Amino acid sequence: MKPAEEYILNQPELYREILLNLQVIIEKELPEAVLLFKWKIPYYYVNRKPFCFLNASHKGKYVDLAFNKGYQLQQHTELLVGEKRNTFKSLRYFSLEEIDNKVLVDLIKESRLFYEKKPLY
Numbered sequence: 333m334k335p336a337e338e339y340i341l342n343q344p345e346l347y348r349e350i351l352l353n354l355q356v357i358i359e360k361e362l363p364e365a366v367l368l369f370k371w372k373i374p375y376y377y378v379n380r381k382p383f384c385f386l387n388a389s390h391k392g393k394y395v396d397l398a399f400n401k402g403y404q405l406q407q408h409t410e411l412l413v414g415e416k417r418n419t420f421k422s423l424r425y426f427s428l429e430e431i432d433n434k435v436l437v438d439l440i441k442e443s444r445l446f447y448e449k450k451p452l453y
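Converting from the sequence shown to my numbering requires adding 332 to each position, the first position being numbered 1.
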């Protein structure tokens, strides 16, 4: 088993359910994304660049889905948390029921635009 998957499956039930749900949605919307284990958390890469990460905060009792270019996002900004971060903004989930698939898909699609390969000329 890959370390990122092991991280998710070894979480307590509440976090595991949220993480698995987010994993399914991300991989459905970004089939080209690669899930790696970086900085001791699951991290998705697109075109070999860091895209977003998943983090279970046991202390805060939530799961963060943090977008690397979160401060560039224009949609659903009222739902994004950016506490003391320079580039990341995240969606924060305290329960499985809080996941709004439309919001999540909108932000994944918008963030994906920052990773498009640009022509050299």
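From the three backbone atoms N, C-alpha and C, an ideal C-beta is built for every residue, glycine too.
Note that the coordinates shown come from a computational prediction; the quantities given were computed from them, not determined experimentally.
So, at 7 Å on beta carbons, what are the nonlocal neighbours of residue i in its own chain, with the 5 sequence-adjacent residues on each side left out?
| i | result |
| --- | --- |
| K401 | T419, S443, F446 |
| E454 | No statement about residue 454 is possible, as the shown extent of the chain runs from 333 to 453 and does not include it. |
Who pairs with residue i in a beta bridge, going by DSSP?
| i | result |
| --- | --- |
| K416 | Answer by DSSP bridge pairing: none, since K416 is not bridged. |
| P344 | None, per the DSSP bridge assignment. |
| R424 | D396 |
Does the beta carbon of residue i sit closer than 9 Å to a beta carbon anywhere in chain D?
| i | result |
| --- | --- |
| K441 | No chain D appears in this structure, which consists of one protein chain only. |
Which stretch, first to last residue, makes up the alpha helix (DSSP H) that contains residue i?
| i | result |
| --- | --- |
| S443 | 433-444 |
Just the Cα atoms here: how many angstroms apart are residue i and residue j?
| i | j | result |
| --- | --- | --- |
| I357 | N433 | 8 Å |
| M333 | L386 | 18 Å |
| I440 | E415 | 20 Å |
| K393 | F426 | 6 Å |
Taking 8 Å as the limit between beta carbons, can you name the residues of its chain near residue i, skipping five residues before and five after?
| i | result |
| --- | --- |
| Y347 | A388, H390, V395 |
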